[in-house]
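Chemist:
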Amino acid sequence: MKPNITVVNINLDHLLWRTRSKGQDYDFIKIPKSPSIYGWFSFFGKVFSNREPDKNPKNIIGKLGPFQFVATCFIDDKYFDLSRRPIKQYLIWLLHDNYDISKIKESLANDWGKDFISPSKGLYQLFYESSDTSKLDRENYIINIERSSDNFQKLEYEDIGKIELPKKDTISSRHLDQKTKKEVEETFEEAIGKALIEGEKWAVKVDKGEFVSVKVFKRKYLDQSGKELEDFLQCLARSFGGSTKDQFLKSIAGNPKVGVGTHVRNCQKGFDSIVNVLKKHRKHEKLLDLDENKGKAFVSECINEGASPDDECIRNIYLRLKELAKELSQNNLDI
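Residues in the sequence shown are numbered consecutively from 186, following the numbering used here.
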């Protein structure tokens, strides 16, 4: 007897899809044609606020104006970036009037995002290899998600309430300009990326107590060998609170992101920048239930970029965050 197959249809024009390719960082690779708004980045931040993808997909339901949406995020370990980190997938499906929403609630599995990626492989694989979104931009066809009823999982929702965007945001525009991106909420990955660059700027600025111009940086550090490399590692160690032997700092030194034209005034040490981001995104709270080894591993995974739990700077960041977590716990007890 053949299994009962359930089919759910998704029109790509109704999908907000954020992910990355093998070589390019996270970005929106598909944006809904309707509704057409100026603030997708802000909306995305509200939906996935304080939600980190893992291997078990998480579902969220809410409203954007007249549209209900179903969102999911998960770690897609079939695809890896150049640093061998599994790629995260973020999907927000806007349910227009032409969908039978009651049927979707009955027919959509908990891991519908993974079911979506499978038939979309022809589109995503091309982007993953090349970072080219041109084919995705041209496609608006319907993806059919198929799932055997014999293997069906009940879809569970977390109601995050109604999200309404101001009328001034309902401007027809596909991409956000740079000014808008700075004004809206950042994802954790983007915030930690900026923190690393901030720490690198501080290292560029200070060399043996003296300020270093960007021209000097280009001459001394972009063509590194011998003493110049050791000098740069010393600067990075002072910025990030670690040792020149740290794998994390060697990784930064081998591929510096600061270059000509970068302003290095009023920048912050990498140690403080990273601690502030992890605290802002409440990552430090998870350290209360972890021992030192697991805690250092957690911090290194949050930072990525070649960070190792054995790095001195990772241990120092972990110890500071653990201290902040204990202070927060004590304050909660005192209330």
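Note that the Cβ used here is the ideal one computed from N, Cα and C, for glycine as well. As the structure is a computational prediction, the values presented were derived from the model and not from experiment.
What's the C-alpha gap between Gly439 and Lys412?
Modeler: One-based indexing of the sequence shown puts residue 439 at position 254. One-based indexing of the sequence shown puts residue 412 at position 227. When rounded, the distance between both Cα atoms is 14 Å.
Chemist: How many angstroms separate the CA atom of Ile499 from the CA atom of Val460?
Modeler: Mapped onto the sequence shown, residue 499 falls at position 314. Mapped onto the sequence shown, residue 460 falls at position 275. When rounded, the distance between both Cα atoms is 11 Å.
Chemist: Which two residues bound the contiguous beta strand (DSSP E) that contains Gly208?
Modeler: Taking the first residue of the sequence shown as 1, we reach residue 208 at position 23. Unbroken run through Gly208: none, as it is neither H nor E.
Chemist: List the whole-angstrom C-beta distance separating Gly427 from Asn501, where the pair is believed to meet the contact cut-off of C-beta under 8 Å.
Modeler: Taking the sequence shown and counting its residues from 1, one reaches residue 427 at position 242. Taking the sequence shown and counting its residues from 1, one reaches residue 501 at position 316. That belief holds up - the Cβ atoms of Gly427 and Asn501 are roughly 7 Å apart, short of 8 Å.
Chemist: Mind checking which residues open and close the alpha helix (DSSP H) that includes Asp322?
Modeler: Taking the first residue of the sequence shown as 1, we reach residue 322 at position 137. Here the alpha helix (DSSP H) through Asp322 covers 319 to 323.
Chemist: Taking the beta carbon of Val255 as the centre, do at least 16 other beta carbons fall within 10 Å, making it buried, or is it exposed?
Modeler: Taking the sequence shown and counting its residues from 1, the one referred to as residue 255 is at position 70. It is buried - the Cβ of Val255 has at least 16 other Cβ atoms within 10 Å.
Chemist: Could you name each continuous alpha helix (DSSP H) segment of 4 residues or more that falls completely within the region 240 to 301, going from the start of the chain to the end?
Modeler: You should have 286 to 292.
Chemist: Going straight from the alpha carbon of Ile272 to that of Asp261, what length do you get?
Modeler: Reading the sequence shown from its first residue, position 87 is the one you call residue 272. Reading the sequence shown from its first residue, position 76 is the one you call residue 261. Between Ile272 and Asp261, the C-alpha separation is close to 5 Å.
Chemist: Excluding five sequence neighbours on each side, which residues of the same chain lie with their C-beta closer than 8 Å to the C-beta of Asp198?
Modeler: Here residue 198 corresponds to residue number 13 of the sequence shown, with the count starting at 1. Pro217, Lys218, Ser219, Asn325.
Chemist: Would you decide whether Gly250 is buried or exposed? Buried here means 16 or more other CB atoms lie within 10 Å of its CB.
Modeler: Counting from 1 along the sequence shown, the entry for residue 250 is found at position 65. Exposed, since its Cβ has fewer than 16 Cβ neighbours within 10 Å.
Chemist: If you count every other CB in all the chains shown that lies within 10 Å of the CB of Ile437, and 16 or more means buried, which is it?
Modeler: Sequence index remark: in the sequence shown, residue 437 carries index 252 (1-based). Ile437 should be labelled buried.
Chemist: Considering only the beta carbon of each residue, do Asp300 and Ile327 sit closer than 7 Å?
Modeler: By one-based count along the sequence shown, residue 300 stands at place 115. By one-based count along the sequence shown, residue 327 stands at place 142. Not in contact: Asp300 and Ile327 (Cβ atoms no closer than 7 Å).
Chemist: Going by CA-CA distance only, name the one from Glu314, Gln274, Asn235, Ser458 that's closest to Gly378.
Modeler: Taking the first residue of the sequence shown as position 1, residue 378 is located at position 193. Comparing Cα-Cα distances from Gly378 to each of Glu314, Gln274, Asn235, Ser458, the minimum goes to Ser458.
Chemist: Determine the extent of the alpha helix (DSSP H) in which Asp437 is found, giving its start and end residues.
Modeler: Working through the sequence shown from its first residue, we reach residue 437 at position 252. At residue 437 the sequence reads Ile, which differs from the Asp that was named. Counting along the chain, the alpha helix (DSSP H) containing Ile437 begins and ends at 432 to 439.
Chemist: Specify, as a first and last residue, the run of the alpha helix (DSSP H) that Ile222 falls within.
Modeler: Against the sequence shown, residue 222 aligns to sequence position 37. Careful: Ile222 lies outside any alpha helix (DSSP H) and carries neither H nor E.
Chemist: What are the start and end residues of the alpha helix (DSSP H) that includes Gly307?
Modeler: In the sequence shown, counting from the first residue as 1, residue 307 sits at position 122. Run containing Gly307: 306 to 315, per the alpha helix (DSSP H) assignment.
Chemist: If I'm right that Glu477 touches Phe433 with Cβ under 8 Å, what's the distance once you round it to whole angstroms?
Modeler: Start at 1 with the first residue of the sequence shown, and residue 477 comes out as number 292. Start at 1 with the first residue of the sequence shown, and residue 433 comes out as number 248. Between Phe433 and Glu477 the Cβ distance is about 17 Å, and since that is not below 8 Å, they are no contact.
Chemist: Contact defined as beta carbons within less than 8 Å: I believe Cys258 pairs with Tyr284. What is the distance between those atoms, to the nearest angstrom?
Modeler: Working through the sequence shown from its first residue, we reach residue 258 at position 73. Working through the sequence shown from its first residue, we reach residue 284 at position 99. No, Cys258 and Tyr284 are not in contact; Cβ-Cβ is about 21 Å, not under 8 Å.
Chemist: What separation, rounded to the nearest whole angstrom, lies between the Cα atoms of Lys320 and Leu200?
Modeler: For the purposes of this step, residue 320 is taken as residue 135 along the sequence shown, with counting starting at 1. For the purposes of this step, residue 200 is taken as residue 15 along the sequence shown, with counting starting at 1. If you take the alpha carbons of Lys320 and Leu200, they lie about 15 Å apart.
Chemist: Give the range of the alpha helix (DSSP H) segment to which Asn461 is assigned.
Modeler: The residue labelled residue 461 in the question sits at position 276 within the sequence shown. Residues 455 to 465.
Chemist: Taking the alpha helix (DSSP H) that Ile184 falls in, what are its first and last residues?
Modeler: Not covered by the structure: residue 184. The range shown for the chain is 186 to 520.
Chemist: Leaving out five residues before and five after Asp317 in sequence, what residues of the same chain have Cβ atoms less than 6 Å from its Cβ?
Modeler: Residue numbering aside, residue 317 sits at position 132 when the sequence shown is read from its first letter. Result list for Asp317: empty, nothing under 6 Å.
Chemist: By a C-beta neighbour count over all protein chains shown, 10 Å radius and 16 as the cutoff for buried, is Asp496 buried or exposed?
Modeler: Sequence index remark: in the sequence shown, residue 496 carries index 311 (1-based). By the neighbour-count rule (16 or more Cβ atoms within 10 Å), Asp496 is buried.
Chemist: For Lys468, which residues of its own chain have a beta-carbon under 6 Å away from its beta-carbon, when the five flanking residues on both sides are left out?
Modeler: Walking along the sequence shown from the start, residue 468 turns up at place 283. Excluding positions up to five away in sequence, the list reads Cys487.
Chemist: Below 8 Å on the Cβ atoms is my contact criterion, and I expect Asn374 with Tyr211 to pass it. Report the Cβ-Cβ distance as a whole number of Å.
Modeler: Position 189 of the sequence shown, counting from 1, holds the residue named residue 374. Position 26 of the sequence shown, counting from 1, holds the residue named residue 211. A quick correction: the sequence has Glu, not Asn, at residue 374. Confirmed, about 6 Å.
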